[in-house]
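From first to last, the protein sequence lines are chains E and W.
Per the numbering used here, the very first residue in the first sequence carries number 1; after that it's consecutive.
Per the numbering used here, the very first residue in the second sequence carries number 113; after that it's consecutive.
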Amino acid sequence: DAGVTQSPTHLIKTRGQQVTLRCSPISGHKSVSWYQQVLGQGPQFIFQYYEKEERGRGNFPDRFSARQFPNYSSELNVNALLLGDSALYLCASKDYATETQYFGPGTRLLVL
Amino acid sequence: AQSVTQPDIHITVSEGASLELRCNYSYGATPYLFWYVQSPGQGLQLLLKYFSGDTLVQGIKGFEAEFKRSQSSFNLRKPSVHWSDAAEYFCAVVLVTGTASKLTFGTGTRLQVTL
């Protein structure tokens with residue numbers, strides 16, 4: 001079975017630009033969460049989506065937005081990029097039967 | 113609010129030696145606890161989890177963890193470390209509210225294995 005997939009794997013942007021990251025959950029999982037992991041830190045929760053609705057939001061500015069599609073894949077958008085947005089962005093899909101989140105390989109974003 | 117503390121930023125052990133990584137949590141109710149491992153440049157792989165029941169849980173790759181409510185701890189152990197275990201280890205607690213769930217992670221412990 002395929003795990004959580006994310007694209008692209010790496011991305012380089014300049015300050016002020018916008019970026020879109022994509023995630024496909026494990027087949028059968030209806031919930032997707034996004035996390036930001038800055039170098040040397042643990043992942044920080046950004047959003048959770050379930051059945052296309054936002055179910056949770058972390059302490060991130062409005063420049064961060066997300067959506068979930070009917071096939072349960074998801075996009076994370078970040079506008080007006082700052083240098084501090086450079087990080088590994090992780091997507092996780094949740095198995096509600098076991099309350100367990102499974103992570104994808106991440107998208108590494110570098111903002112110059 | 114829930115929180116997780118991993119007191120050891122960096123640990124070095126010799127291959128074949130035993131390992132214990134510490135994790136302390138702060139949570140108002142019975143927590144759901146997890147250990148994840150992250151190899152350089154990779155995503156997070158689930159090692160094991162505790163929800164309820166037996167306080168000693170077994171995971172993949174020979175790892176185990178023990179939940180101790182009285183100490184608010186969930187330490188990860190392995191009796192004999194292999195060089196391939198070198199990675200970063202994260203302890204996490206999940207807050208579940210209806211259909212919403214949010215993982216809160218510790219800052220991680222980097223494990224170095226010497227040959």
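We treat Cβ as the ideally placed atom computed from N, Cα and C, and that holds for glycine.
Item                                                                                                                                                                                  : Value
For the structure I just gave you, are there three or more beta carbon pairs, one from the segment 217-226 of chain W and one from the segment 162-169 of chain W, closer than 8 Å?   : no
Is the segment 9-21 of chain E close to the segment 38-56 of chain E, with three or more CB pairs under 8 Å?                                                                          : no
Between the segment 90-102 of chain E and chain W, which residues of the former have a C-beta closer than 9 Å to a C-beta of the latter?                                              : Leu90, Cys91, Ala92, Lys94, Tyr96, Thr98, Glu99, Thr100, Gln101 and Tyr102
Buried or exposed, going by whether 16 or more other CB atoms sit within 10 Å of the CB of E/Glu51?                                                                                   : exposed
What number of angstroms, rounded off, separates the C-alpha of W/Gln118 from the C-alpha of W/Lys173?                                                                                : 21 Å
Which term fits W/Lys214, buried or exposed, when burial requires 16 or more other beta carbons within 10 angstroms of its beta carbon?                                               : buried
Would E/Arg50 count as contacting chain W if we go by Cβ distances under 8 Å?                                                                                                         : Contrary to the premise, residue 50 of chain E reads as Tyr rather than Arg in this sequence. Cβ-Cβ to chain W under 8 Å: yes for E/Tyr50.
When you compare only the Cα positions, how much space is there between E/Tyr96 and E/Ala80?                                                                                          : 34 Å
Could you name the residues of the same chain whose beta carbon sits closer than 7 Å to that of E/Arg55, not counting the 5 residues immediately before and after it, in chain order? : Gln48 and Tyr49
Please classify E/Gln18: is it buried, with 16 or more other beta-carbons within 10 angstroms of its beta-carbon, or exposed?                                                         : exposed
For W/Gln150 and E/Trp34, I'd like the C-alpha separation in whole angstroms.                                                                                                         : 16 Å
So which of W/Phe217, W/Val208, W/Tyr139 and W/Gly210 has the shortest CA-CA distance to W/Tyr201?                                                                                    : W/Phe217
For E/Gln17, decide whether its Cβ has a neighbour in chain W, counting only Cβ atoms nearer than 8 Å.                                                                                : no
Could you check the C-alpha separation between E/Ser65 and E/Ser86 for me, to the nearest Å?                                                                                          : 16 Å
Short of 6 Å in beta carbon distance, which residues of its chain neighbour W/Asn298, apart from the five on each side in sequence? Order them along the chain.                       : This structure gives no information on residue 298 of chain W, because the portion of chain W shown stretches from 113 to 227.
Between the beta-carbon of W/Val205 and the beta-carbon of W/Tyr148, is there less than 8 Å?                                                                                          : no
Return the bridge partner residues of W/Ala129 from the DSSP annotation.                                                                                                              : DSSP output for W/Ala129 lists no bridge partner at all.
Counting C-beta neighbours from all protein chains within 10 Å, is the total for E/Pro61 16 or more, i.e. buried, or is it exposed?                                                   : exposed
Which chain E residues sit within Cβ distance under 8 Å of W/Tyr201?                                                                                                                  : None at all; the shortest Cβ gap to chain E is about 10 Å.
Hey, out of W/Val125, W/Ile121 and W/Leu207, whose CA is closest to W/Lys190's CA?                                                                                                    : W/Val125
Taking C-alpha atoms, which residue in E/Thr98, E/Pro25, E/Gly16 and E/Arg63 lies nearest to W/Lys161?                                                                                : E/Thr98
Taking the DSSP output, what are the residues bridged to E/Gly36?                                                                                                                     : In the sequence as presented, Gly is not what sits at residue 36 of chain E; that position holds Gln. E/Gln36 is bridged to E/Gln44 and E/Tyr89.
Could you pull out every residue in the same chain whose Cβ sits closer than 7 Å to the Cβ of E/Gly106, ignoring the five residues on either side in sequence?                        : Gln6, Leu88, Tyr89 and Leu90
Do you know whose CA, among W/Ala129, W/Phe179, W/Gln154 and W/Glu127, lies nearest W/Thr142's CA?                                                                                    : W/Phe179
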